[in-house]
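Have a look at the structure below, then the notes.
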Amino acid sequence: MSPSVPLQEMIRAIRSARTQCEERGVIQRECAAIRAQFRQADNGGRSHNLAKLLYVHMLGYPAHFGQMECVRMIASPRYSEKRVGYLGAMMLLDEKQDASLLITNSIKNDLSNSNQYIQSLALCTLACMGSAEMCRDLAPEIDRLLRASNSYIKKKAALCAVHIVRKVHDLGELFTKAARSLLTEKNHGVVHGAVVLITELCERNSETLERFRKTVPDLVQIMKGLVISGYSPDHDVAGISDPFLQVRILRLLRILGRNNEAASDAMNDLLAQVATNTDSTKTVGNAVLYETVLTVLDIKSESGLRVLAVNILGRFLLNNDRNIRYIAMTSLQKIVGTDHNAVQRHRGTIVDCLKDQDASVKRRALELSLALVSASNIRSMMKELLSFLSSCPPELRSQTASGIFNAAERYAPSQRWHIDTILHVLTTAGGDVRDETVPNLIQLITNTSELHCYTVHKLYRALLSDISQQPLVQVACWCIGEYGDLLLTGECQETEPVQVTEDYVLDVLETVLQSHMSSPSTRGFALTATMKLSTRITENVDRIRSIVSIYGSCIDVELQQRAVEYNALFKKYDHMRAAVLERMPVIEKNSQGHTNGETIKESQTVKVKPGEPQQPANQVQANAAFYTVFSIVATVTVYEKDGVTVTLSCEKQSDSGLTVTLTASNSTESDIRGFTLQAAVPKSVQLHMKAPSGDSLPARGTAKVTQMVLVFTFADMSEVYETKVSPVTS
Amino acid sequence: MMRFMLLFSRQGKLRLQKWFTSMSEREKKKIIRDMTTMVLARQPRSCNFMQWKDLKIVYKRYASLYFCLGVESQENELLALEIIHRYVELLDKYFGNVCELDIIFNFEKAYFILDEFLMGGEIQETSKQIVNRSIEASDMLQEDDISEWYEVELFG
């Protein structure tokens, strides 16, 4: 009777269960039986029971009650039980379980067992789940095995040492000497283990790296032996002799040759030889070539060798195998910064890969294409990128859109081209662009005054065909509000003018207002645009008046507030209407990361007035100026008068959030009591003022009052905070 | 180094899981879920490499089983494909024309073979013959051990 039969019977029983519920029933019964068996005294079937439990565990059911049984089985003198016991330990015990410590002693004993297969079990388990304490305990034992045992054990001890070094970095010192001597062995498994160990030691410690540089000639020798040797049946894979060892040696050479002229020179010839002689028809040959290319590009190789490496990558790009194309692009991505021109030569192939069916290849091609965009190829590249955008998989869309925007911003050959490109992206992938696209585009349009007519015509036409893409609709509404008069003149130099009446334009805006596809903020844009048109059109002002008064009772609070305010503008402040609604001035363009202490004073958001009646806070200027606050990192003094000083420091929390800390101090001779701070922000920004640390400023700056303010930008802000405060001096 | 190796069927049933680093049960379950979802969603002739968090995922389908290897970013993906292929060859030699059922009913043997080929997330032995011989010898040792038990039990 085969010892595995009970196990196989159970597996059959579980598999024949037709429903999940039935399976659970079978498993519960089996587990109960297993538990009972565990409690019994030593019987010959212990290993079967544990094996059954391990199967159940793999199906996803709990099996922690088997942990102690693993410990017991590992301590058994029988090999069959040890084998399953150690397997159980690797599957059920990890260093986080307390029971794992109990097997340390068994492992220690088994490491010195006369039977190499028992030693092997212990080594394997230690390398799989050995905790830091176990590693510290058993490291000397492993070192001993590294020096004096047969090759079967040596190779396992080497990998065990690798695990120990990963867990307890300091123990690396212990294995350095042994690792060095293992390189001279003939057995490939041992040499491989030694190379892995040396790689690990060098990666962790730069002194060790220095010492191991001396091994470069030996490594080169071993590689040469592998490359030019004849057929070796033991290690041959499709004509390559031991590719696993070759790749590992190449990786170690990469680490040793990095930033070191001498070492790089020593391996130059070898790398050239491998690069030219390796057969690239099968994957395994390409694996070795790939590793060679990575090494050449990372060390201080001579230029001829570098060119050879990039050419190999170029050949990979033309390979039929998708995998090869994928890794070629990954490697080219790594060197696009340093060897830009070399990679540019392959731009055509890379751009073709954008059309590949495979999602991974597409992603790599996209990243690489974006990196290859430059002033000279911007027009052709953008054509490709835009056509990619219309057909790319959804998960790549927002990355593509941002990439296009960045490229357009950096290399736009003309303003009109820039605006066209952004509009194209908004029409194709409007839902996937980031929030700041709308204000950025508005800023761009405002600043390109010569193209206002062209832009408003394009946007009007876009709006006629599709009002579902919110960013596009928002920008279009804004433009029509600002430049609607240009639409109505019926003239345009850059493009075919439209023949519309005021009614048509108002129709379009009303459609946006009423459409269920429009988001609340889009409707806000449309309403404001309608209002602005009241000063730019001549005949249909009454229609605007009625639209505005209808929305005065809209359920949406933001729209209602706007409508009411516009209504008031019509009724009570009609004399101010033209001035309020006139064209926006050119917005100061401030790029992100621009720390400008002076700008903050112009856009003060904080006003402090000790002992005086309330005054409205400073009007805050356009959003663009506010964005400079996001880039201020230093502390700035915003108010200094009558002995009271208020400083403001910002800390950027997220793309749209900022924590501002206001600190007030008093250098006068008397205390100030009832002191509070007032803040106002534009509508697109939300403010949360936290409680101040106190409300009195003691004299002579003995203590300060601080207050934290959280600032967020939201497109659909619905309230403007204005905290009115009246401080009183004593 | 390799972080994990998973074998699962076309329906997403796990047939083998080998973890080369210490992880909680929850993390393991999450990885299994993510891997099966990602790999099973792939088109038939796609690239065998994917990016997942900071790891590279290399997978290949052999008959009804998906072999999925999660490796760190400095590993050679093409070599990882060769590692998977080598493991399949070892299983094939051992079971003789291996199929999924062999791995289901003899899962512990599949683990033993894997433990002779890989260790601690690295390749342990690059020669097929040596791995095969080690497995045979271990199996014989196990047989001797069990027949001893039979003798003791049956004959006292």
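Going down the list, the protein sequences come from chains G and U. Under the numbering used here, think of the first position of the first sequence as 2, with each following residue one higher. Under the numbering used here, think of the first position of the second sequence as 4, with each following residue one higher. Where a beta carbon is used, it is the ideal one built from N, C-alpha and C, also for glycine. In this text, all values refer to a predicted model and were calculated from it rather than measured experimentally.
Same chain, Cβ closer than 7 angstroms to residue i, neighbours up to 5 away in sequence not counted
| i | result |
| --- | --- |
| Leu271 (chain G) | Val221, Met224 and Lys225 |
| Ser332 (chain G) | Val294, Leu295 and Leu314 |
| Ala100 (chain G) | Gln68, Met69, Val72 and Leu94 |
Opening and closing residue of the beta strand (DSSP E) in which residue i lies
| i | result |
| --- | --- |
| Arg18 (chain U) | Leu17 to Trp22 |
| Ser12 (chain U) | Met5 to Ser12 |
| Gln54 (chain U) | Phe52 to Trp55 |
Integer Cβ distance of residue i from residue j, believed to fall under 8 angstroms
| i | j | result |
| --- | --- | --- |
| Glu122 (chain U) | Lys157 (chain G) | Glu is not the amino acid found at residue 122 (chain U); the sequence shown has Met there. Yes, they are in contact, since the Cβ atoms of Met122 (chain U) and Lys157 (chain G) sit about 6 angstroms apart, within 8 angstroms. |
| Val506 (chain G) | Gln475 (chain G) | Val506 (chain G) to Gln475 (chain G), Cβ: 17 angstroms. No contact. |
| Asn278 (chain G) | Val311 (chain G) | That pair is no contact at about 18 angstroms. |
| Ile143 (chain G) | Cys161 (chain G) | 5 angstroms |
| Met8 (chain U) | Lys21 (chain U) | 5 angstroms |
| Ile468 (chain G) | Thr512 (chain G) | 7 angstroms |
| Arg584 (chain G) | Glu483 (chain G) | 6 angstroms |
| Thr422 (chain G) | Ala409 (chain G) | 5 angstroms |
| Pro244 (chain G) | Glu85 (chain U) | 7 angstroms |
Distance CB(residue i)-CB(residue j) smaller than 9 angstroms
| i | j | result |
| --- | --- | --- |
| Val175 (chain U) | Lys59 (chain U) | With chain U represented from 4 up to 159, any question about residue 175 (chain U) goes unanswered, as that position is not in the structure. |
| Ser182 (chain G) | Arg148 (chain G) | yes |
| Leu560 (chain G) | Arg524 (chain G) | yes |
| Ser81 (chain G) | Asp148 (chain U) | yes |
| Leu51 (chain G) | Gly26 (chain G) | no |
| Val647 (chain G) | Thr664 (chain G) | yes |
| Leu534 (chain G) | Leu514 (chain G) | no |
| Ile446 (chain G) | Ile481 (chain G) | no |
| Val238 (chain G) | Val285 (chain G) | yes |
| His164 (chain G) | Gly190 (chain G) | no |
| Ala83 (chain U) | Val61 (chain U) | yes |
| Phe464 (chain G) | Thr429 (chain G) | In the sequence under discussion, the amino acid at residue 464 (chain G) is Leu, which differs from the Phe named in the question. No, the Cβ-Cβ distance between Leu464 (chain G) and Thr429 (chain G) is not below 9 angstroms. |
| Leu711 (chain G) | Lys691 (chain G) | yes |
| Glu24 (chain G) | Ala18 (chain G) | yes |
| Leu254 (chain G) | Ile300 (chain G) | yes |
| Glu111 (chain U) | Leu55 (chain G) | yes |
| Pro394 (chain G) | Ala343 (chain G) | no |
Residue i, enclosing alpha helix (DSSP H) - first and last residue
| i | result |
| --- | --- |
| Val101 (chain U) | Unbroken run through Val101 (chain U): none, as it is neither H nor E. |
| Leu465 (chain G) | His453 to Ser466 |
| Leu319 (chain G) | Note, Leu319 (chain G): premise wrong, no alpha helix (DSSP H); not H, not E. |
| Met690 (chain G) | Per DSSP, Met690 (chain G) belongs to no alpha helix (DSSP H); it is in the beta strand (DSSP E), Val686 to Met690. |
| Ala112 (chain G) | What sits at residue 112 (chain G) in the sequence shown is Leu, not Ala. Thr105 to Leu112 is the extent of the alpha helix (DSSP H) around Leu112 (chain G). |
| Tyr505 (chain G) | Glu503 to Gln515 |
| Tyr153 (chain G) | Ser152 to Lys168 |
| Pro394 (chain G) | Here Pro394 (chain G) belongs to no alpha helix (DSSP H), and DSSP marks it neither H nor E. |
Coarse secondary structure for residue i, derived from DSSP in three states
| i | result |
| --- | --- |
| Glu262 (chain G) | helix |
| Val647 (chain G) | strand |
| Arg64 (chain U) | strand |
| Leu756 (chain G) | This structure cannot settle anything about residue 756 (chain G), because the visible part of chain G is limited to 2 through 731. |
| Glu559 (chain G) | helix |
| Gln145 (chain U) | helix |
| Val308 (chain G) | helix |
| Ser666 (chain G) | strand |
| Thr660 (chain G) | strand |
| Arg544 (chain G) | helix |
| Asp237 (chain G) | strand |
| Ile300 (chain G) | coil |
| Cys480 (chain G) | helix |
| Ala680 (chain G) | strand |
| Leu698 (chain G) | strand |
| Thr707 (chain G) | strand |
| Thr638 (chain G) | strand |
| Val337 (chain G) | coil |
| Val374 (chain G) | coil |
Cβ shell of residue i (< 6 angstroms), same chain only, five flanking positions each side left out
| i | result |
| --- | --- |
| Glu103 (chain U) | Ser67 and Leu68 |
| Tyr65 (chain U) | Val91 |
| Leu387 (chain G) | His425 |
| Gln247 (chain G) | Leu227 and Val289 |
Contact set for residue i: own chain, Cβ-Cβ below 8 angstroms, skip 5 residues either direction
| i | result |
| --- | --- |
| Ile166 (chain G) | A small correction: the amino acid at residue 166 (chain G) is Val; Ile does not occupy that position in the sequence shown. The answer, listed in chain order, is Leu172, Gly173, Phe176, Leu198, Glu201, Leu202 and Arg205. |
| Arg249 (chain G) | His193, Val196, Val197 and Thr200 |
| Thr739 (chain G) | Past the edges of chain G, shown from 2 to 731, lies residue 739 (chain G), and the structure says nothing about it. |
Closer than 8 angstroms: residue i CB and nearest the ligand SAM heavy atom
| i | result |
| --- | --- |
| Gly123 (chain U) | Only the bare structure without any ligand can be found here, which leaves the ligand SAM out of the picture. |
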